[in-house]
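Take the sequence shown: its position 297, counted from the start at 1, is 297 in UniProt numbering, and no numbers get skipped. Note that the Cβ used here is the ideal one computed from N, Cα and C, for glycine as well.
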Amino acid sequence: MTQPRGAQPYAGLRLLAVHAHPDDESSKGAATSAMYAQLGAQVRIATMTGGEAGDILNPALADSPTAQRDIAGLRRREMARAAQLLGAEHDWVGFVDSGLPEGDFDEQVPHGVFWRVPTEVAARPLVNIIRRFRPQVVTTYDEQGGYPHPDHIKNHFVTMAAVAAAADPDDHPELGEEWQVQKVYYNQDLSARKWLTIHEQMLADGVESPFGKLLENYRDRDAKRDTWLSTRVPSGAFAERAEQALLAHATQIDPKGGFFSDVRAAAKRYWPTEEFELALDDTGRPPLQRRDFVEDDLFAGVVRDDGTRVPDGELGRALEAAGFEAPLGRAQRDSADAHGTAAGDSGTAGAAGEERA
């Protein structure tokens, strides 16, 4: 049986969130990162590029000499503050931002950037991070990048290659002792299905939705892959902390409005949970049923360093004991449970609380 762990029920558990640019960690899965850090897990963010190609999106900083002269340095300082707010450690992996071309990536992306680096080469520093940090859980993006940015797509392939290589003792042993990640998740915060539900509920409430045009651009993307929202993390109590972390990226966010403000406001009211897709499960537990919302905890079924498993329901108990509520949002209450599961309904077969033999 799992032993009591007091006020730090997730102590000894480790989550590595791999992102393409500074600010991605604060707009995708940020509340989940902050929640696990609060509950005692070690959370580490690996940022693949420096965000050097990012535009200055905050009108208040448009004429800032510092922003114009040293956007990379400014974004490093923003990232440090965001990681602090999330309670996370941070690594810069060190590749150069590829920018966002309008046409074919291979034709328009310049040489020397992340997109151009061979995947096996780009994976090596991440292998070293995985072997040093020894995470049980890694999060990244799906093969379409969450949205079609070359660095997000590259992030997927590099992360998956690094996870595989990190477990192979014959693969670059100089990068550290091998380590098997038990679970990999794709962050699905930008799932078109999720935002379509929010959009339709806003219209039903007589509220103007800013998402209609954007969703048209993403329908085709979702139609091309069978997105599985396997895991709904009840991290809504940490949405404010995630928003503070996002606002720390002052060059990228207009605090007085704009798209990101609309996204955060809508998510808090209509869909305060964060969704992930289980991509790899090496915990040794029976496979999950392939239906939405069968988990509510990224660490469910994970074997701790002491050999015990994280049982189903652990996260709900931990949040309740710590005094955090985990309500559903308006769109979720009205329509998301048509899938036949409620938030926190595990659906996991087998005795997740048993020790590994």
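Below 8 Å on the Cβ atoms is my guess for residue i versus residue j; work out the distance and round it to an integer in Å.
{"i": "V233", "j": "D296", "result": "6 Å"}
{"i": "P150", "j": "S209", "result": "The Cβ separation is near 29 Å, so there is no contact."}
{"i": "V121", "j": "T49", "result": "Actually they are not in contact, since the Cβ atoms of V121 and T49 sit about 15 Å apart, beyond 8 Å."}
{"i": "V163", "j": "V184", "result": "6 Å"}
{"i": "A123", "j": "A161", "result": "4 Å"}
{"i": "Y186", "j": "F276", "result": "7 Å"}
{"i": "V302", "j": "T273", "result": "Wrong, their Cβ atoms sit about 20 Å apart, outside the cutoff."}
{"i": "A72", "j": "E102", "result": "That belief does not hold up - the Cβ atoms of A72 and E102 are roughly 23 Å apart, past 8 Å."}
Are the CB atoms of residue j and residue i within a distance shorter than 7 Å?
{"i": "S230", "j": "L278", "result": "yes"}
{"i": "A46", "j": "V117", "result": "no"}
{"i": "A41", "j": "L57", "result": "no"}
{"i": "V43", "j": "S33", "result": "yes"}
{"i": "A300", "j": "V310", "result": "yes"}
{"i": "T251", "j": "L126", "result": "no"}
{"i": "A239", "j": "K268", "result": "yes"}
{"i": "T139", "j": "G29", "result": "yes"}
{"i": "P22", "j": "M79", "result": "yes"}
{"i": "V18", "j": "T159", "result": "yes"}
{"i": "G307", "j": "W271", "result": "no"}
{"i": "L39", "j": "P65", "result": "no"}
{"i": "G146", "j": "L100", "result": "no"}
Counting only the same chain and skipping the five closest in sequence on each side, list residues whose C-beta sits under 6 Å from that of residue i.
{"i": "K154", "result": "F114 and W115"}
{"i": "E178", "result": "A167 and P169"}
{"i": "E143", "result": "H156"}
{"i": "I129", "result": "A46 and D91"}
{"i": "F211", "result": "W195 and H199"}
Kindly identify the DSSP beta-bridge partner or partners of residue i.
{"i": "K183", "result": "V137 and D281"}
{"i": "T42", "result": "The residue you asked about is not Thr; residue 42 is Gln in the sequence shown. Bridge partners of Q42: R14."}
{"i": "R232", "result": "E275"}
{"i": "T197", "result": "Beta-bridge pairing links T197 to no other residue."}
{"i": "H19", "result": "T47"}
Below 7 Å CB to CB, which residues in the same chain sit around residue i once its five sequence neighbours on both sides are set aside?
{"i": "E243", "result": "R264"}
{"i": "G12", "result": "R304 and D305"}
{"i": "A37", "result": "V43, L86, G87 and A88"}
{"i": "L175", "result": "R124, V127, N128 and R131"}
{"i": "P59", "result": "D254"}
Ordered list of alpha helix (DSSP H) runs contained in the stretch 293-336, each at least 4 residues: Runs of the alpha helix (DSSP H) inside the stretch 293-336: 314-321 and 330-334.
Beta strand (DSSP E) runs contained entirely in the stretch 58-134, provided each spans 3 or more residues: 89-95, all fully within the stretch 58-134.
Sequence ranges, beta strand (DSSP E) only - wholly within the stretch 268-292, length at least 3: 274-281, all fully within the stretch 268-292.
Segments assigned alpha helix (DSSP H), at least 4 residues, entirely inside the stretch 134-173: 150-166, all fully within the stretch 134-173.
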